[in-house]
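Converting from the sequence shown to the numbering used here requires adding 341 to each position, the first position being numbered 1.
Cβ atoms here follow ideal geometry from the backbone N, Cα and C, with glycine treated the same way.
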Amino acid sequence: SMTNLSLKMETGAVPQVSYLQALAERLAIVLDEETALLRTQNVAAIIPLQEPKQKLLQAYEETLRQFQQTPESLSALASETRLMLKSCFNALQTAMRANRRALKAARDSRRYVLKSIQAAAVSHSQELHAYSQKGRTQHTVFRRTAGAAASPVTINQQL
């Protein structure tokens, strides 16, 4: 896990180029790690990644904003440095897209499972009856109020 955020911001005529690159690379690594965990549905292991991911994202956005506020910085870069940054940014964008897809798939999967469980519980609850000692149906265990479906399941869709 990439939880070490000990990068230091550079100062000078071309602000933060290597810092920006390092942030983008580390953020891509954390996003790739989170994506892999989402795909294996290891939600518990994702939780410790959230704080470092947010810190990296905030630092990256702030550094990128500062870099963009000095247009001469980009023109002052050597062409190979610009290509390196472009490659780094492309890798980060790829990691972000994969992470977004994995988050959506995890949410959709959880939503589908939860809806299926809830539908099964509602259907089952409508069939449940309590029986008297003589074996006759006494009453429905889960009663429906006017217009409302009875459900013994509480759904928490937070991911």
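Discussion item. Which residue wins for smallest C-alpha separation from Gln391, given the options Thr376, Thr381, Thr404 and Ser450?
Written reply: Your numbering for residue 391 matches position 50 in the sequence shown. Of the candidates Thr376, Thr381, Thr404 and Ser450, the one whose C-alpha sits nearest the C-alpha of Gln391 is Thr376.
Discussion item. Under 8 Å, with one C-beta from each stretch per pair, do the stretch 435-453 and the stretch 368-388 reach the 3-pair mark?
Written reply: Because the criterion of three Cβ pairs below 8 Å is met, the stretch 435-453 and the stretch 368-388 touch.
Worksheet item: Is Ala429 near Ala365, with beta carbons less than 8 Å apart?
Response: Residue 429 sits at position 88 when you count from the first residue of the sequence shown. Residue 365 sits at position 24 when you count from the first residue of the sequence shown. It should be noted that the sequence gives Cys, not Ala, for residue 429. Yes, the Cβ-Cβ distance between Cys429 and Ala365 is below 8 Å.
Worksheet item: In three-state terms, what does DSSP make of Ala419?
Response: For the purposes of this step, residue 419 is taken as the residue at position 78 of the sequence shown. The answer is coil: DSSP assigns Ala419 none of H, G, I, E or B.
Worksheet item: According to the Cβ coordinates, are Gln407 and Gln357 closer than 8 Å?
Response: Taking the first residue of the sequence shown as 1, we reach residue 407 at position 66. Taking the first residue of the sequence shown as 1, we reach residue 357 at position 16. Result yes, Cβ atoms of Gln407 and Gln357 sit closer than 8 Å.
Worksheet entry | Cβ pair Gln362, Leu415 closer than 8 Å | On the sequence shown, position 21 is the one that residue 362 refers to. On the sequence shown, position 74 is the one that residue 415 refers to. Note that the C-beta distance between Gln362 and Leu415 is not below 8 Å.
Worksheet entry | Residues near Ala369 in its chain [Cβ-Cβ closer than 7 Å; skip 5 each side] | Position 28 of the sequence shown, counted from the start, is the residue given in the question as residue 369. Correct list, in chain order: Ala432, Leu433 and Ala436.
Practice prompt. In the DSSP assignment, find the alpha helix (DSSP H) that holds Thr404 and state where it starts and stops.
Written response: In the sequence shown, the residue the question calls residue 404 occupies position 63. First-last of the alpha helix (DSSP H) with Thr404: Val384 to Gln409.
Item to complete: Count the other CB atoms, across all protein chains shown, that sit within 10 Å of the CB of Ile387; report buried if there are 16 or more and exposed otherwise.
Response: Residue 387 sits at position 46 when you count from the first residue of the sequence shown. Under this definition Ile387 is a buried residue.
Practice prompt. Please report how far the alpha carbon of Glu402 lies from the alpha carbon of Ser457, in whole angstroms.
Written response: As a position in the sequence shown, residue 402 is number 61, starting the count at 1. As a position in the sequence shown, residue 457 is number 116, starting the count at 1. Straight-line measurement puts the Cα of Ser457 at about 40 Å from the Cα of Glu402.
Worksheet item: Between Pro389 and Leu397, what straight-line distance do the alpha-carbon atoms span, to the nearest angstrom?
Response: Here residue 389 refers to the residue found at position 48 when the sequence shown is read from its first residue. Here residue 397 refers to the residue found at position 56 when the sequence shown is read from its first residue. Looking at the two C-alpha atoms, the distance is approximately 14 Å.
Worksheet entry | Gln362, enclosing alpha helix (DSSP H) - first and last residue | The residue you call residue 362 lines up with position 21 of the sequence shown. Here the alpha helix (DSSP H) through Gln362 covers Val358 to Arg380.
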